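Chemist: The structure's right below; bear with me while I get my questions together.
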Amino acid sequence: MADDKFPGWHGTTILAVRRNGQVVVAGDGQVSVGPTVMKGTARKVRRLSPGGRDVVVGFAGSTADAFTLLERLEKKLEAAPGQMARACVELAKDWRTDKYLRNLEAMLIVTDGVDIFVVTGAGDVLEPEHDVAAIGSGGNFALAAARGLMEGEGDAETIARKAMKIAADICVYTNGNLTVEILGR
49 MADDKFPGWH
59 GTTILAVRRN
69 GQVVVAGDGQ
79 VSVGPTVMKG
89 TARKVRRLSP
99 GGRDVVVGFA
109 GSTADAFTLL
119 ERLEKKLEAA
129 PGQMARACVE
139 LAKDWRTDKY
149 LRNLEAMLIV
159 TDGVDIFVVT
169 GAGDVLEPEH
179 DVAAIGSGGN
189 FALAAARGLM
199 EGEGDAETIA
209 RKAMKIAADI
219 CVYTNGNLTV
229 EILGR
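Numbering of the sequence shown is given in our numbering, commencing with residue 49 and proceeding in unit increments.
Written as C-alpha cells, this is what we have:
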C-alpha cells in the first residue's frame, strides 16, 4: 500500500486462513521506501484480549494510523463483549464518518478464531469467501496462493506459511520474516 503523503512507501502482506476450527493470521516484516528495504522485521499482526477473549488483528498501511484503529477497535470490543462483528461494524462506521478518522490510511483483518473480517476506511466490513482473506502490497499474491493450497492437504498454519512464502517470492514488497498468530485448535 502506498501512502500519498510519503510517496514510495510500501509494505505489508497480511493473510488470514480458516480451516478445521483454526484461524491463522500471518504477516510479513518488510517496510520499503521505493527500492530500499527500511525494515525487515516489522510486526504487523497483534493479539488483543479485550474482556479476556482473544482477537487477532493484522494491519496494512500507515503504522500510526493502524495503531489508532487498533485502540478504537479494542474499545469497541470492550463495549460489545463477544460481538466482534458488531465491534467491526461500529469501527467502520466511525472510520467512515468521523472527520479525523476518515483520513486514516490503513486496512485491518480481524478474527476471533471463528469469524474473519476485512475492515476498511471506506466503511467496508467484508467476510471473505473461501475461508481466506488478504490485504497489503502482496495481498493478492498471498490470497491466490492460499486459495490454491486450500484445495490440498494441510492445516491452516501450513497453508498460511506456504502462501506467504509464495507471496514473498513474487512481491518485492514482501519478505519471509513472518509473525504468525493462531486461534482455535
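Note that CB positions come from ideal geometry on N, CA and C, so glycine has one too.
No experiment lies behind these values; they were computed from the predicted model shown.
(1) What is the DSSP secondary structure of M155, counted as helix, strand or coil?
(2) Thinking C-beta only, is G106 closer than 7 Å to G75?
(3) With respect to the alpha helix (DSSP H) encompassing G196, which residues constitute its N-terminal and C-terminal limits?
(4) Please check the pair V73 and E229, which I expect to be a contact at CB under 8 Å, by giving their CB distance rounded to whole angstroms.
(5) In chain order, what are the residue ranges of uninterrupted alpha helix (DSSP H) at least 4 long that sit wholly in the stretch 88 to 154?
(6) Distance, Cα to Cα, A211 vs L191?
(7) With DSSP as the reference, label T222 as helix, strand or coil.
Modeler: The relevant details are as follows:
(1) Three-state result, M155: strand.
(2) One thing to note: G75 has its Cβ within 7 Å of the Cβ of G106.
(3) Counting along the chain, the alpha helix (DSSP H) containing G196 begins and ends at G187 to L197.
(4) With 8 Å as the limit, V73 and E229 qualify as a contact, their Cβ atoms being about 5 Å apart.
(5) Taken in chain order, the whole alpha helix (DSSP H) runs of length 4 or more contained in the stretch 88 to 154 are 111 to 127 and 132 to 145.
(6) Computed Cα separation, rounded: 8 Å.
(7) Coil at T222, not helix or strand.
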